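Inspection log for the structure reproduced underneath, given as structure tokens.
Number of protein chains: 2
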Amino acid sequence: MALIVQKYGGSSLESADRIRAVAERIVATKKQGHDVVVVCSAMGDTTDELLDLAARVNPTPPAREMDMLLTAGERISNSLVAMAVASFGADVQSFTGSQAGVITTERHGNARIIEVTPGRVQEAIDAGRIAIVAGFQGVNRDTKDVTTLGRGGSDTTAVALAAALGADECEIYSDVDGVYTADPRIVHDARKLDKLCFEEMLELAASGSKILVLRSVEYARAFNVPMRVRSSYSNDPGTLVAGALEDIPMEEAVLSGVATDASEAKITILGVKDLPGEAAKVFRVLADNEINIDMVLQNISSLHNLTTDITFTLPIADGPRAMELLKALQAKEGWDNITYNDQIGKVSLIGAGMKTHPGVTADFTEALRDAGVNIDMITTSEIRITAVVREIDLEEATRAIHDKFELGGDEPAIVYAGTGR
Amino acid sequence: MALIVQKYGGSSLESADRIRAVAERIVATKKQGHDVVVVCSAMGDTTDELLDLAARVNPTPPAREMDMLLTAGERISNSLVAMAVASFGADVQSFTGSQAGVITTERHGNARIIEVTPGRVQEAIDAGRIAIVAGFQGVNRDTKDVTTLGRGGSDTTAVALAAALGADECEIYSDVDGVYTADPRIVHDARKLDKLCFEEMLELAASGSKILVLRSVEYARAFNVPMRVRSSYSNDPGTLVAGALEDIPMEEAVLSGVATDASEAKITILGVKDLPGEAAKVFRVLADNEINIDMVLQNISSLHNLTTDITFTLPIADGPRAMELLKALQAKEGWDNITYNDQIGKVSLIGAGMKTHPGVTADFTEALRDAGVNIDMITTSEIRITAVVREIDLEEATRAIHDKFELGGDEPAIVYAGTGR
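Same order as they appear, the protein sequences are chains P and W. At position 338 of the first sequence (counting the first as 1) the number is 338 in the numbering used here, and the numbers step up by one without a gap. At position 63 of the second sequence (counting the first as 1) the number is 63 in the numbering used here, and the numbers step up by one without a gap.
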């Protein structure tokens with residue numbers, strides 16, 4: 001008998017029928033003898049509908065009120081799931097984030113969990129009940145105001161609750177049945193992975209995989225909570241994310257998969273003085289405006305005039321704002337030019353096996369060469385190689401690398417409707 | 001400068017545009033120099049939509065979960081109104097029922113307010129902010145669970161908050177601009193009343209007027225909170241409900257209006273033994289099953305066989321269940337027959353002036369006679385006369401009484417779209 005936390009995403013709860021299907025799964029898990037705690041996202045498009053209403057009432061709504069509004073979505077799905085579970089004869093009790101003891105910082109819209117004190121949830125479990133907890137929400141310790149956890153907040157709620165309750169596993173349900181070696185819409189023989197270590201999953205999430213939010217994996221890694229990615233439409237065991245990179249025996253270390261990301265743009269600043277502190281000026285102005293940059297590359301200095309070029313990538317959404325900020329600095333700093341390109345894509349190869357397999361970088365670049373794909377930038381970490389290519393080459397590059405490292409399975413990947421949400 | 005509590009019903013908040021119109025009114029009241037506390041119902045059809053979802057997930061949902069579900073509706077309208085108020089530049093803070101200190105009994109779906117401890121609301125007022133409070137909801141003192149107050153719960157929240165804060169007035173906004181001498185859809189020269197005492201309003205509400213819920217008027221009377229019925233579509237001052245019957249000077253006591261009610265059915269039990277305790281058997285079985293009866297009439301005993309007939313009215317919704325319960329007793333009790341009729345209507349004349357005007361009952365019955373309306377049952381209280389008539393005669397009876405007592409105005413009544421919700 002184990003304690004299992006299950007998190008269901010919005011697409012798994014988009015209708016009364018889907019909610020009943022989810023409830024059946026929850027009750028079946030309980031009947032197998034396990035204790036079950038469930039975390040729910042808002043139903044289907046509820047959050048978008050509420051955001052739309054808010055925009056029509058006030059284009060710049062106060063963040064505190066926005067949190068009060070949005071958390072209604074999880075309260076609705078939460079109570080409906082509890083009702084559905086009750087209809088199958090199981091004892092059940094629902095909890096808001098506050099009732100479940102999710103204590104957060106005061107930052108509305110993007111609060112951080114300070115601690116989870118799940119006394120009431122534990123009481124419900126001890127009484128034999130299934131506990132249903134509203135995801136994405138918490139309560140500010142000082143003001144007692146309702147807060148939300150930002151993007152991926154329900155996943156984070158589930159992992160944090162699992163850590164606080166000492167759960168054996170945290171299952172994340174969506175409409176995708178696991179983590180694949182590549183996006184099955186791009187690579188048709190992509191293979192579902194049985195297991196990944198936390199570091200591999202972190203690199204995948206940071207490289208464009210949408211299946212788990214980076215923050216929830218970081219939380220799971222910090223508290224050593226095994227996560228399992230599963231589909232609410234099938235009984236496939238999914239993909240287990242657990243264990244540390246250093247605990248993988250060398251002979252079992254493999255390459256896990258190829259991640260793609262077309263959500264970034266590239267900015268190049270030409271003619272930056274090659275003096276200490278010049279690059280810092282660029283990154284300080286962006287940081288002060290809360291713009292996160294990803295890859296950075298500084299070319300070697302041009303010897304005859306002692307200037308250099310700085311190139312970096314950033315989310316497309318922040319591109320125009322970053323260009324405005326930098327253009328405002330250009331004259332004062334004496335930069336020659338600033339260029340912007342959002343027609344780029346990132347392709348990354350990830351896997352613990354990279355440590356023990358020499359020549360991976362050579363094979364990676366040769367695969368792209370053979371596919372006729374030009375590499376614009378390239379960076380590596382201990383278990384990842386990433387290349388920036390033209391966006392129109394991204395899919396071809398992904399397939400070339402996937403083939404080169406023989407990551408595919410024998411059968412075409414199953415692609416569910418809505419995969420990738 | 002006064003402290004004013006304003007309550008807005010669902011039809012006043014049914015769209016983003018309506019919410020902005022309501023916010024403008026709230027801010028205007030604040031700019032007049034008043035402190036303002038606002039209580040919101042759920043938007044338009046939200047509650048019905050949530051009820052429908054719940055029914056599809058579980059036809060007999062647990063009451064605790066139902067309360068968690070339904071209160072999401074008021075949280076949504078509450079935060080949207082707060083956002084809209086903020087967009088007009090006013091300082092504003094929203095509160096859930098729990099945050100506003102609405103402490104209730106544990107009875108989910110129909111909880112009673114035990115006390116209101118509006119410390120946080122008072123702090124917001126003292127800081128110059130407009131406070132927006134979610135209606136219809138509270139928190140169980142013992143379990144800290146979310147509760148709802150049942151039908152008319154938002155009106156009751158508003159009155160209870162007004163009482164706890166010592167407000168000068170509690171304004172109840174809907175799409176009707178006051179209390180009329182009769183339903184304007186039936187009586188075209190019905191006149192809006194400027195003022196009523198609590199007892200008159202209680203009799204009107206108990207006699208079928210839908211404009212204020214009985215319970216909220218009882219609460220206002222108990223704590224002496226002046227209520228004002230107003231329309232969110234106009235600037236009409238509406239109708240003030242305040243003061244005690246005994247404080248009305250005799251020369252100012254008038255007849256207030258005619259109320260109609262087609263929501264009841266009539267049950268007659270024939271051949272009941274004319275012995276002590278026989279009628280009690282009937283009413284005990286109904287009370288034990290939480291069926292409320294309204295008017296009761298026991299005919300004089302038939303001398304030759306010492307039996308009598310008992311007739312009473314009750315909500316149509318409870319009619320079939322009551323008949324089942326009584327039929328089950330019929331053989332044992334030896335009743336001759338039980339008849340059921342839901343084609344009846346109640347017409348009532350109400351007003352403090354009844355005390356000082358002799359002959360009102362005679363005029364009342366003559367008005368019905370002259371209109372060719374047969375009276376089935378008749379009862380009176382200190383300030384009310386009620387007759388049960390055939391449902392098809394109800395509108396004609398209403399007009400006849402309204403004319404007889406010259407309650408009409410010089411102009412046709414204004415009927416807004418949706419009047420009567």
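Cβ coordinates follow ideal geometry from the N, Cα and C atoms, glycine included. Note that the structure is a prediction, hence the values are computed from the model and not measured.
Item to check | Which of helix, strand or coil DSSP assigns to Q330(W) | outcome: helix
Next on the checklist: Using only the alpha-carbon positions, how far apart do Y8(W) and G178(W) sit?
Outcome noted: 14 Å
Checklist entry - Count the other CB atoms within 10 Å of the CB of Q32(P); is the residue buried (16 or more) or exposed (fewer)? => result exposed
Next on the checklist: Using only CA atoms, which one of E199(W), R384(W) and E246(W) lies nearest to L240(W)?
Outcome noted: E199(W)
Next on the checklist: Within the continuous beta strand (DSSP E) that includes D35(W), where are the two ends?
Outcome noted: D35 to C40
Next on the checklist: For I401(W), which residues in the same chain have their Cβ closer than 6 Å to its Cβ, ignoring the five residues on either side in sequence?
Outcome noted: V258, L349 and A367
Item to check | Below-8 Å beta-carbon distance, N58(W) vs any chain P residue | outcome: yes
Checklist entry - Which residue comes first and which comes last in the beta strand (DSSP E) that contains R390(W)? => result R384 to R390
Item to check | Given P226(W) as reference, the closest of A206(W), M201(W) and R141(W) once Cα atoms are compared | outcome: M201(W)
Next on the checklist: Between N78(P) and chain W, is the shortest Cβ-Cβ distance under 8 Å, so that the two count as touching?
Outcome noted: yes
Next on the checklist: Taking 8 Å as the threshold (beta carbon to beta carbon), is L3(P) in contact with chain W?
Outcome noted: no
Next on the checklist: Strictly by DSSP, which residues pair up with T143(P)?
Outcome noted: Bridge partners of T143(P): none, in fact.
Checklist entry - Under 8 Å Cβ-Cβ, which residues of chain P neighbour A86(W)? => result N58, P61, P62 and E65
Checklist entry - What is the C-beta distance between Y173(W) and S234(W), in whole angstroms, given that I count them as a contact (C-beta under 8 Å)? => result Contact flag wrong, Cβ pair sits at about 10 Å.
Checklist entry - From what residue to what residue does the beta strand (DSSP E) around V347(P) run? => result I344 to I350
Item to check | chain P within 8 Å of S94(W), Cβ atoms only | outcome: yes
Checklist entry - Going by the CB atoms, is the gap between V22(W) and S422(W) shorter than 8 Å? => result This structure does not reach residue 422(W), given that chain W is present from 1 up to 421, and the question cannot be answered.
Item to check | Sheet register partners of D261(P) (DSSP bridge) | outcome: K346(P)
Checklist entry - Rounded C-beta distance between V139(P) and F95(P)? I'm assuming under 8 Å. => result Actually they are not in contact, since the Cβ atoms of V139(P) and F95(P) sit about 12 Å apart, beyond 8 Å.
Checklist entry - Would you report the Cα separation of A317(W) and S263(P), rounded to the nearest angstrom? => result 58 Å
Checklist entry - So, is the C-beta of L69(W) closer than 8 Å to a C-beta in chain P? => result yes
Checklist entry - Which whole-angstrom value describes the C-beta separation of L325(P) and N289(P), a residue pair presumed to lie in contact below a C-beta threshold of 8 Å? => result 6 Å
Next on the checklist: Please classify K327(W) as buried or exposed, where buried requires at least 16 other C-beta atoms within 10 Å of its C-beta.
Outcome noted: exposed
Next on the checklist: Give me the subset of the region 137–151 of chain W whose CB atoms are less than 9 Å from a CB atom of chain P, sorted by chain position.
Outcome noted: K144, D145 and V146
Item to check | Sequence-distant residues of the same chain with beta carbon closer than 6 Å to I186(W), five excluded per side | outcome: E395 and T398
Checklist entry - Which stretch, first to last residue, makes up the alpha helix (DSSP H) that contains M474(P)? => result With chain P running from 1 to 421 in the structure shown, residue 474(P) is simply not present.
Next on the checklist: I'd like the list of long-range same chain contacts for S98(W), defined as Cβ closer than 6 Å, with 5 residues on each side in sequence excluded.
Outcome noted: V139
Item to check | Interfacial residues, the region 101–121 of chain P to chain W, with Cβ spacing under 7 Å | outcome: none
Next on the checklist: Please report the distance separating the alpha-carbon of M1(P) from that of G166(P).
Outcome noted: 13 Å
Checklist entry - Helix or strand or just coil, what does DSSP make of R321(P)? => result helix
Checklist entry - Whose C-alpha, out of H188(W), E251(W), R191(W) and I378(W), is nearest the C-alpha of T356(W)? => result E251(W)
Item to check | Residue from R120(W), I269(W), E106(W) and D393(W) whose Cα sits closest to the Cα of D309(W) | outcome: I269(W)
Checklist entry - If we call anything under 8 Å between Cβ atoms a contact, is V27(P) one with V85(P)? => result yes
Next on the checklist: Using only the alpha-carbon positions, how far apart do L161(P) and T313(W) sit?
Outcome noted: 54 Å
Checklist entry - Between the region 375–386 of chain W and chain P, which residues of the former have CB atoms less than 9 Å from a CB of the latter, in chain order? => result none
Checklist entry - Relative to the C-alpha of L3(W), which residue among E278(W), A111(W), I130(W) and V373(W) is closest? => result I130(W)
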